[in-house]
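Following the numbering used here, the numbering of the sequence shown begins with 98 at its first residue and continues without gaps. First up is the structure itself, then whatever we jot down about it.
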Amino acid sequence: MPADYLILWRHGQTDFNKQMRIQGATDIPLNDLGLRQARESAQSIVAKEPTRIISSPLSRALTTAQCLATEVGLDVTTDERLVERRFGEFEGKTRAEIEVEFPGEFIHWQRHGMVHGIGMETRESVGERFAQAVGEASDAMDGGKLVVVAHGAAIACGVSHLLGLYGSWGGVRGLDNCHYAILQRRHSGNPDWRIEAYNLY
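Following this line, the structure appears as structure tokens:
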């Protein structure tokens, strides 16, 4: 029987977050505030009695996951499919810098959420890989609560996919740093999951 609940948890703050720079798949560690956020938010998740933890292997997510794992005595399993959406040549830059360096691409990105030819992943592909990783981990459980530690865009795309929405739809907002969403498994009908709570800390 799959997990009864998914707890989708975004990592704590990094210096790139603070500077409003796009991280994507670039491996940026937590800063001091981010580590404090992870330790504080972990206490809230401890109260949910998680039974398994999986994480993106990027250090900002894995360090966040380990803060919870230490508290509950669980191991953390990493899965590459949980990494952040790749933003290609936009990574490491602020929106203002992108607008100057890539003016045409910036306009297209703002209108359509996607730019081809710069190494950016589509929302659909991110949502699909994220949901596959979550589904496999959930299916290996006997009920319980699965904590998935990942990234803002990856979680938003994944939630869209898990709820059966169009993968290209950008209507699911990203979680704040170290906030989490709770999805409950439905025992009949489609989609398999429904949102119980969103952007908790």
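In this text, a Cβ means the ideal position worked out from N, Cα and C, and glycines have one as well.
- Item | Heavy atom of the ligand COA within 8 Å of Asp124 beta-carbon | Absence of the ligand COA from the depicted structure is noted, as is the absence of any ligand whatsoever, leaving it without description.
- Given Glu188, which residues of its chain have a CB within under 6 Å of its CB, disregarding the five upstream and five downstream residues? Ile119, Gly121, Thr123
- Minimum length 3: unbroken beta strand (DSSP E) runs contained in the region 117 to 196: 149 to 152, 173 to 175
- Quick one: residues in its chain with C-beta nearer than 7 Å to the C-beta of Gln163, no 5 flanking neighbours on either side, listed in chain order? Val173
- Consult DSSP for Asn296 and reduce its assignment to one of helix, strand or coil. strand
- Query: Using CA coordinates, which residue listed in Leu130, Trp106, Arg136, Asp129 is at the minimum distance from Ile150?
  - Reply: Trp106
- Task: Using only alpha-carbon positions, find the residue among Asp289, Tyr277, Ser285, Ile292 that is nearest to Gly109.
- Result: Tyr277
- Based on Cα-Cα distance, which residue from Ser222, Lys115, Arg133 lies nearest to Ala251? Ser222
- Query: With a cut-off of 8 Å, do at least 3 Cβ pairs link the region 230 to 242 to the region 136 to 156?
  - Reply: yes
- Option in Arg136, Leu127, Ala166, Ile142 with minimal Cα separation from Leu297: Ile142
- Message: Out of Val246, Ser285, Tyr263, which one is the CA nearest neighbour of Ala166?
- Response: Val246
- Message: I'd like the span of the alpha helix (DSSP H) that includes Gln207, first residue to last.
- Response: 200 to 209
- Task: Return the residue from the list Glu293, Gly216, Phe113, Ala228 that minimises the CA-CA distance to Leu259.
- Result: Ala228
- Message: In the DSSP assignment, the beta strand (DSSP E) including Leu280 goes from what residue to what residue?
- Response: 277 to 282
- Taking buried to mean at least 16 other C-beta atoms within 10 Å of its own C-beta, is Val197 buried or exposed? exposed
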